[in-house]
Every structure is written in structure tokens, then in C-alpha cells.
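Numbering (this note's numbering), first residue to last: 1120 to 1395.
We put the CB at the ideal spot given by N, CA and C, even for glycine.
Note that the structure is predicted; figures quoted are calculated from it, not measured.
The structure is reproduced here in C-alpha cells:
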């Protein structure tokens, strides 16, 4: 079911069966999607990478992710757009920017622990009931439940991915990730992002080191690679133009970067993707 407001805002809630795959072929502008897998043995190709998901895992996607379903079971599908609930405007409340969404390069994944499954199930049931309401409180109630859903998911992500328990430091990592999402094609050094955060580059590197995550430079490079692979895999844009799009002045520099990261040249990667 899909509920639309008066300003092009919407939220969509569905329980997808094994054969319901078409919805992944129609991304909505400025939308965010949450998939909660209800069965094991799910295989997706997301941005050219193979993923396998199991029961009670949840993933978080933006409109920019390219999705191909190889095999899937039942999924609880949730999608909403920015006019309905803007995670940037509400970041102080849900803190999912740069974690669940716009987190540089990786598909965010959480696994609901056994003791948390009932909580998510109850929330989904309340969601489903409220989708049937017809009064003027419906949108507000749905926004409130969506906020709860995102808060629960953010907490789990932080627990399961060794996010810093020190709020100030974890907030810096989130902001760094979000800035990379915004500027990866024009800013390529840790120092440039450190300036945006009013921090010294060494301070940023030390914060990432404490959390046990990748280096800040790796986040930058991974996001550039993700965009390059998306364009190589899903478009017929010339390789030289792709190089320019992610900030390289010449195709040679881009090719060296790509081969160092992926182990093969951009042209070979495109050939390989066309062969399946």
C-alpha cells in the first residue's frame, strides 16, 4: 500500500512474495528503501556486486543503487521519499545520515537479534494498521513510526559495526561519510574533508583508527570506485567521460587508479560486466 500526501510526499509498505521483483526496476526520485528479509537464500546484485542475505537481515538503499534480483524469498518492503521524511532535516532525532543512508560506498546491513525480532514485528504490524487509517492524523503517525524504525535500525548498526560509543567521534564519522557522498567527484583528499569539518587531517585519521573502521582515504576511494563501476556497468558512457565525472583530468590517471583498486582496467571491467 502507498500513502500519498498533498506535497508529493509518500510512504509505501509492501510484503513482497517470491515472484514480486518488478518493484526494484522502478526507483522513485529522492526515495529511500528498507528491505527486511523474511526468509533465507536471497541473492542480489547491487551496483555490480553479489550479495547474499539471510532471514532477519535488513538493508538500506537509496534511489541511486542499481539492483538486480537473482533469487529472493519474502521481504517486508518499505520506501519513502524526502518530502515525507527528510533524514537530513531530522538527523538530530534519528542519526541515520551517513550510517543507514549515504554512508559512502557499502550497502548498510544489520541483523536483528533474536531478542529484537518481536519489537520489529510489532512495529511493522502497527505500521500496517496505520496505513489503513483515513483521518488527518495518519501522516503524522506514520512519520512517527518511521522515525522509530530508523532509530532501532541505527542502534543495531552501531552495535554490530563497532561504531564508536563516544557520540562526538561517531558524529564526525557520520558527517565525513555524508560529505564524501556529496563531494567525492570534486574532493579527493582527507585534508579537503577535514577542512569542511574544521578538523586537522590527523585528527580525522585518529578518530577512524579508534573505531577500527577503514581509513578515511579508503572511504573516499571506495566511493569514487562505486561511481565508476556503476557507470561502467550500467551505462554506455565513454571511459574518458567517466574519468571526468569522478574528478580525473585524464584517462590515464583514472585507469591507474581503477586498476589499483579493482585489479583490472576500466575497459576490461566493462567487458567482464557485459559478459555477465
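With a threshold of 8 Å between beta-carbons, can residue i be considered close to chain D, or not?
i	result
residue 1314	This model lacks chain D altogether; it includes just one protein chain.
Which class does residue i belong to by DSSP, given the choice of helix, strand or coil?
i	result
residue 1389	helix
residue 1273	helix
residue 1191	coil
residue 1296	helix
residue 1170	strand
residue 1123	strand
residue 1322	helix
residue 1164	strand
residue 1201	coil
residue 1266	helix
residue 1364	helix
residue 1221	coil
residue 1131	strand
residue 1216	strand
residue 1186	strand
residue 1207	coil
Looking at residue i: is its Cβ nearer than 8 Å to the Cβ of residue j?
i	j	result
residue 1133	residue 1158	no
residue 1143	residue 1178	no
residue 1296	residue 1192	no
residue 1152	residue 1197	yes
residue 1184	residue 1165	yes
residue 1269	residue 1130	no
residue 1217	residue 1307	no
residue 1345	residue 1276	no
residue 1384	residue 1376	no
residue 1249	residue 1257	yes
Between which residues of its own chain and residue i is the CB-CB distance below 8 Å, once the five residues before and five after are set aside?
i	result
residue 1324	1309, 1334, 1335
Once you ignore the five residues that flank residue i on each side, which residues in its own chain have a CB closer than 6 Å to its CB?
i	result
residue 1326	1288, 1291
residue 1352	1167, 1392
residue 1126	1202
residue 1160	none
residue 1182	1146, 1150
residue 1128	1202, 1203
Output the boundary residues of the beta strand (DSSP E) element that contains residue i.
i	result
residue 1150	1150-1156
residue 1179	1176-1181
Heavy atom of the ligand NAD less than 7 Å from the Cβ of residue i, yes or no?
i	result
residue 1347	By its list of ligands, the structure shown contains no ligand whatsoever, and the ligand NAD lies outside what it can speak to.
Looking only at its own chain, which residues have a Cβ that is under 7 Å from the Cβ of residue i, when we skip the five neighbours before and after it?
i	result
residue 1380	1340, 1344
residue 1358	1370, 1385, 1386
residue 1236	1175
Taking residue i as part of the alpha helix (DSSP H), name the residues at either end of that continuous run.
i	result
residue 1377	1370-1381
residue 1333	From DSSP, residue 1333 is part of no alpha helix (DSSP H); its letter is neither H nor E.
residue 1312	1309-1315
Ranges of the beta strand (DSSP E) found wholly within the region 1231-1256, counting only runs of at least 3: none
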